[in-house]
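Okay, so here's the structure we're looking at.
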Amino acid sequence: MTVFEEKALQAHQERFGLDGRVFAAPGRVNLIGEHTDYTGGLVMPMAIGFCTWAVVSPRNDDRAFFYSANYGEEADFEIASLAREPGGHWSDYPAGVLWSILQEGIAIGGFSMTLAGDVPLGAGLSSSASVEVATSMALLAHAGVTLPLPKIATLCRRAENEYVGAKSGIMDQFVVTGGVAHRAMLIDCRSLEYELLPLPSQVRVVICNSMVKHQVATGEYGDRRDEVEAGQAVLRKERRGIELLRDATLMDLEACKGAMTVASFARCRHIITENGRVMEARAALLRGDVARFGELMVQAHESMRDDFAASCEEVDMLVEIAMRQDGCFGARITGGGFGGCTVNVVSADKAESFVEIVRREYEERTGIAAQCFVSEPSDGALAIAAKGGA
Ligand code: GLA
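Encoded structure:
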């Protein structure tokens, strides 16, 4: 049992005077395939070691109590009259999941829940999906219901899209639910089919947090999504057989150039080329070609920076510093963008010195102390539960 898991159980006991059942869901980092998920595209994330824990116990009334051990705050709701009224508060996420499960026609009796976690917030490591999936695992167990992976991911995404009001895709909830230790997860976000891919044992995944905050629920993420959707709508209208951007080629896009804004054109070009890079990255992993995988990561970064305009000076600097280091195969911005983290693939024997040098140089140039983590693909919520752990 981890320290945090124990803390969550203890906090629950102290707050509600009861032992509860504990469930865990990790954060995630995306190796390649950015901003492709909401147009039916391809992504390749992995679950990471940070987690949210949800402890649940039944109540004798029909209320839902959510206690955040991290914030030391509680929110409670009448389950029968739970309305879609997000308040810009952490409790929107678990309340949204409760709302989404109720939408499925699943009956939920009164409960108390404690949430605790160590996924860095606003860093692009899916703290939100981690809270959503941990909440759903606990609530489904409380209701005595088991659901398959795509269903859990979809209902958590609905909580985020329709209750919280963030227009995210399915990637985060899917890998946080279904990730598997030692494997990256290639997800087809249209069919929700997936493939587990091995990462070569001689490399480590290093995550560097620029400490520049990013938020999915507000601003630029939504703007980008609008630009993408405007471009997709033109393609759908002008070219036969195109339903989603996933179906489009660069030739299709060129043919529609005059009918869309310069911004939409560039955003769509990023997505079309990114889907291609994910397939190439898959092939590189299958033949153990880390060098090629790394090159694709760098190309993906340049595309996020230039075509998708979703990077920032600090993150670009982290990538530039990383790529000068011995043993670094590839580096790129990861997650929604506009700050947050980079993901780096580094030779295992160089990972520690890599962290040290990147941190030092970044601090010298920006005055910001980056947080860096050497990570490995971890189990998602279902695998953790299947192994009997939280
Ligand atoms: C955020 C969203 C995801 C995905 C990424 C960008 O993490 O939650 O659905 O769109 O940004 O790849």
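For the sequence shown, the working numbering gives the first residue as 349, with consecutive numbering after it. C-beta atoms are modelled at their ideal positions from N, C-alpha and C, and glycine is treated no differently.
Report the rounded CA-to-CA distance for H360 versus P406, giving the unit in angstroms. Taking the sequence shown and counting its residues from 1, the one referred to as residue 360 is at position 12. Taking the sequence shown and counting its residues from 1, the one referred to as residue 406 is at position 58. Using only the alpha carbons, I get a separation of about 12 Å.
Could you pull out every residue in the same chain whose Cβ sits closer than 7 Å to the Cβ of V703, ignoring the five residues on either side in sequence? Translated into positions along the sequence shown, residue 703 becomes position 355. V554, C720, V722, listed in sequence order.
Every unbroken beta strand (DSSP E) inside the segment 373-414 [3 residues or more]: 390-406
Residue ranges of each beta strand (DSSP E) run of no fewer than 3 residues wholly in the segment 521-593, ordered along the chain? 531-536, 542-546, 551-557
Given that a residue counts as buried once 16 or more other Cβ atoms are within 10 Å of its Cβ, and exposed if not, what is Y455? Here the question's residue 455 lines up with position 107 in the sequence shown. In the sequence as presented, Tyr is not what sits at residue 455; that position holds Ala. It counts as exposed.
Following a CB-centred definition, is H383 positioned closer than 7 Å to any heavy atom of ligand 1? Position 35 of the sequence shown holds residue 383. Checking every heavy atom of ligand 1 against the Cβ of H383, one is found closer than 7 Å.
Please identify the residue among Y441, T494, V576, E622 whose C-alpha is closest to the C-alpha of A514. Along the sequence shown, read from residue 1 onward, the residue named residue 514 stands at position 166. Minimum Cα distance to A514 is reached at Y441.
Rounded C-alpha distance that separates E586 from G606: In the sequence shown, counting from the first residue as 1, residue 586 sits at position 238. In the sequence shown, counting from the first residue as 1, residue 606 sits at position 258. The alpha-carbon separation between E586 and G606 amounts to approximately 11 Å.
Any non-hydrogen atom of ligand 1 closer than 7 Å to M519 Cβ: Position 171 of the sequence shown, counted from the start, is the residue given in the question as residue 519. Checking the Cβ of M519 against ligand 1 gives yes.
Opposing strand residues paired with N692 [DSSP bridges]: Your numbering for residue 692 matches position 344 in the sequence shown. Note: N692 sits in a beta bridge opposite V554, A679.
Below 8 Å between beta carbons: does that hold for L534 and M652? To locate residue 534, count along the sequence shown from 1; it is residue 186. To locate residue 652, count along the sequence shown from 1; it is residue 304. No, the Cβ-Cβ distance between L534 and M652 is not below 8 Å.
Less than 8 Å between the C-beta atoms of C660 and G687, yes or no? Within the sequence shown, numbered from 1, the residue matching residue 660 stands at position 312. Within the sequence shown, numbered from 1, the residue matching residue 687 stands at position 339. Going by C-beta atoms, C660 is nearer than 8 Å to G687.
Best match in P496, W401, E602, D424 for proximity to S475 [C-alpha to C-alpha]: By one-based count along the sequence shown, residue 475 stands at place 127. Out of P496, W401, E602, D424, W401 has the C-alpha closest to the C-alpha of S475.
Contained alpha helix (DSSP H) runs [length at least 4] in the segment 425-491, N- to C-terminal order: 440-451, 475-491
So, helix, strand or coil for A607, using DSSP? Position 259 of the sequence shown, counted from the start, is the residue given in the question as residue 607. It is helical.
From A696 to D655, what distance separates their C-alpha atoms? Taking the first residue of the sequence shown as 1, we reach residue 696 at position 348. Taking the first residue of the sequence shown as 1, we reach residue 655 at position 307. Taking the straight line joining both Cα atoms gives about 32 Å.
Could you tell me which residues DSSP pairs with S659 in its beta bridges? For this step, residue 659 is matched to residue 311 along the sequence shown. None; S659 has no bridge partner.
With a threshold of 16 other CB atoms inside 10 Å of the CB of E668, please say whether the residue is buried or exposed. Residue numbering aside, residue 668 sits at position 320 when the sequence shown is read from its first letter. Burial call: exposed.
So, using beta-carbon positions, are T714 and M665 closer together than 8 Å? Working through the sequence shown from its first residue, we reach residue 714 at position 366. Working through the sequence shown from its first residue, we reach residue 665 at position 317. Yes, these two residues count as a Cβ contact at 8 Å.
Selected residue, minimal CA-CA separation from L463, among A373, D674, M627: Position 115 of the sequence shown holds residue 463. Ranking the options by Cα distance to L463, first place goes to A373.
Three-state class that DSSP yields for S612 in the structure shown: Stepping through the sequence shown from its first residue, residue 612 is reached at position 264. Of the three classes helix, strand and coil, the one that applies to S612 here is helix, per DSSP.
Given 7 Å as the limit, tell me if S474 has its C-beta closer than that to any heavy atom belonging to ligand 1. Residue numbering aside, residue 474 sits at position 126 when the sequence shown is read from its first letter. At least one heavy atom of ligand 1 is nearer than 7 Å to the Cβ of S474, so yes.
Where the alpha helix (DSSP H) through F352 begins and ends: The residue you call residue 352 lines up with position 4 of the sequence shown. First-last of the alpha helix (DSSP H) with F352: 351-364.
Could you please give the first and the last residue of the uninterrupted alpha helix (DSSP H) stretch that includes Q647? Walking along the sequence shown from the start, residue 647 turns up at place 299. Note, Q647: alpha helix (DSSP H), 638-654.
Helix, strand or coil at A514 [DSSP, three-state]: Walking along the sequence shown from the start, residue 514 turns up at place 166. Of the three classes helix, strand and coil, the one that applies to A514 here is coil, per DSSP.
Within the chosen definition, does the segment 361-380 reach the segment 480-488 through at least 3 CB pairs nearer than 8 Å? yes
Going by the C-beta, is Y386 closer than 7 Å to any heavy atom of ligand 1? The count along the sequence shown starts at 1 and reaches residue 386 at position 38. Yes, the beta carbon of Y386 sits closer than 7 Å to at least one heavy atom of ligand 1.
F686 in three-state terms, based on DSSP: As a working note, residue 686 is residue 338 in the sequence shown. Reduced to three states, the DSSP call for F686 is coil.
What do you get for S539, buried or exposed, if any count of 16 or more other CB atoms within 10 angstroms of its CB means buried? Residue 539 sits at position 191 when you count from the first residue of the sequence shown. S539 comes out exposed.
Please find out if some non-hydrogen atom of ligand 1 comes closer than 7 Å to the beta-carbon of G684. For the purposes of this step, residue 684 is taken as residue 336 along the sequence shown, with counting starting at 1. Remark: the shortest separation between the CB of G684 and any heavy atom of ligand 1 falls under 7 Å.
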